[in-house]
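K.L.:
Just so we're aligned, residue 321 is where the sequence shown starts under the working numbering, counting upward by one.
Glycine included, every Cβ here is placed at the ideal spot set by N, Cα and C.
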Amino acid sequence: MAGSPTARRRRLSIELKKLREQSTLTCAQVGAGLDWSGSKVNRMETGSGRVQPSDIDALCRFYGTSDELREFLKSLARQAKMRGWWQVHGAGVPEWFNIYIGLEQEASTFRQYQCELLPGLMQTRAYTSELHKTSAQMSAEDIDRAVRVRMERQGMLRRSDAPEAWFIVNEGALRNVIGDRALMREQVEHVLEVAQLPAVTLQVLPFDSGTYPATGSFTMLGFPAPEDPDIVYRDGITDAVYLEGEHHVREYTRAFDGLRAAALSPQRSDRLIETVLKGYAT
């Protein structure tokens, strides 16, 4: 589940609005059916009002949703009251990451720096599977589900309305052998292929780039609606954090711009990747 109150509230608002639109009812009609005002329903859908778990119970009974969806939405409503770090332990695809996926799919701009591993949106099935095998908590079924979800996510880069995606990858991520050299050869070939997509820009931060303004991987999501602030996303093994304050977004934007300046141009990056690829072919 998303790591900041605003992100949780945003996802909850989207889901509540989706349920009402699927029912083809207006806010006023839903309010009348529940003995509420239409403005209360509207506030829930716009994130301008706090949603209680009891409100979710009433709405889900009214819309006739599944128990699973009701519990998920109630969890979102509870989490929206919290601040700071949060931890959710899950198998396959953690609940908190499910929300990230929803935000990612809605983004109009996507900026990511990866310092250890290749970006998830550029990974092959074999590379992703190998990464997940390191988790002692994941069964073979969980790994298969996680891999399938990641492969499906990659479709966003090929959509006609694909977000403007800018990746900066540390050279070490290209040279870090995951699995074996044959797997890495396939993976690096795939990186070159994805880098040619119209919406994608890829830069490599070489080993000899000197100092640069970042201490770990991060992702910045931007959204088409001006009222939706950019989100900085950083994840760990069992949790994730979202930073939405103006100061955080400004400083991460500055860091990303610094990384872009320190990294090779897209053309020179392609040439370096081709050199790495040749090394895996021998």
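Within 8 Å, do at least three Cβ pairs link the region 497 to 513 to the region 589 to 598?
P.N.:
Counting Cβ pairs under 8 Å, three or more are found: they touch.
K.L.:
According to DSSP, is residue 371 part of a helix, a strand, or is it coil?
P.N.:
In the sequence shown, counting from the first residue as 1, residue 371 sits at position 51. Looking at residue 371 - three-state DSSP - the assignment turns out to be coil, as it is neither helix nor strand.
K.L.:
What would DSSP say about residue 352, mapped onto helix, strand or coil?
P.N.:
For this step, residue 352 is matched to residue 32 along the sequence shown. Looking at residue 352 - three-state DSSP - the assignment turns out to be helix.
K.L.:
Which of helix, strand or coil does DSSP assign to residue 338?
P.N.:
What you label residue 338 is simply residue 18 of the sequence shown in a count that begins at 1. Helix at residue 338.
K.L.:
Have a look at 499, 473, 356, 430 and flag the residue whose alpha-carbon is nearest the alpha-carbon of residue 520.
P.N.:
Counting from one through the sequence shown, the residue named residue 520 turns up at place 200. Ranking 499, 473, 356, 430 by Cα distance to residue 520 puts 430 first.
K.L.:
CA-CA distance, residue 378 and residue 579?
P.N.:
The residue labelled residue 378 in the question sits at position 58 within the sequence shown. The residue labelled residue 579 in the question sits at position 259 within the sequence shown. For residue 378 and residue 579, the distance between alpha carbons rounds to 49 Å.
K.L.:
Have a look at residue 369 and residue 505 and give me their C-alpha separation to the nearest angstrom.
P.N.:
Within the sequence shown, residue 369 is the residue found at index 49, counting from 1. Within the sequence shown, residue 505 is the residue found at index 185, counting from 1. Computed Cα separation, rounded: 51 Å.
K.L.:
Considering only residues of the region 525 to 585, which uninterrupted alpha helix (DSSP H) runs meet the minimum length of 4 residues and lie entirely inside it, listed in chain order?
P.N.:
Within the region 525 to 585, the complete alpha helix (DSSP H) runs of at least 4 residues are 566 to 582.
K.L.:
Looking at the unbroken alpha helix (DSSP H) that takes in residue 514, where does it start and where does it end?
P.N.:
Within the sequence shown, the letter at position 194 stands for residue 514. Where residue 514 is concerned, the enclosing alpha helix (DSSP H) stretches over 501 to 515.
K.L.:
By Cβ distance below 7 Å, which residues in the same chain neighbour residue 329 in space, the five residues on each side in sequence not counted?
P.N.:
In the sequence shown, counting from the first residue as 1, residue 329 sits at position 9. If we look at residue 329 and ignore the five residues flanking it on each side, its Cβ neighbours are 367, 400.
K.L.:
Check whether the Cβ atoms of residue 394 and residue 376 lie closer than 7 Å to each other.
P.N.:
As a working mapping, residue 394 is identified with position 74 in the sequence shown. As a working mapping, residue 376 is identified with position 56 in the sequence shown. Their beta carbons are under 7 Å apart, which means residue 394 touches residue 376 by this criterion.
K.L.:
Cβ of residue 589 within 7 Å of Cβ of residue 433?
P.N.:
Along the sequence shown, one-based indexing puts residue 589 at 269. Along the sequence shown, one-based indexing puts residue 433 at 113. Not a contact, by the Cβ cut-off of 7 Å.
K.L.:
Cβ of residue 553 within 7 Å of Cβ of residue 562?
P.N.:
Reading the sequence shown from its first residue, position 233 is the one you call residue 553. Reading the sequence shown from its first residue, position 242 is the one you call residue 562. Contact flag set, yes.
K.L.:
Less than 8 Å between C-beta atoms, sequence neighbours within five positions excluded: which residues of the same chain meet that for residue 333?
P.N.:
Residue mapping note: residue 333 aligns to position 13 of the sequence shown, counting from 1. Contacts found: 364, 365, 366, 367.
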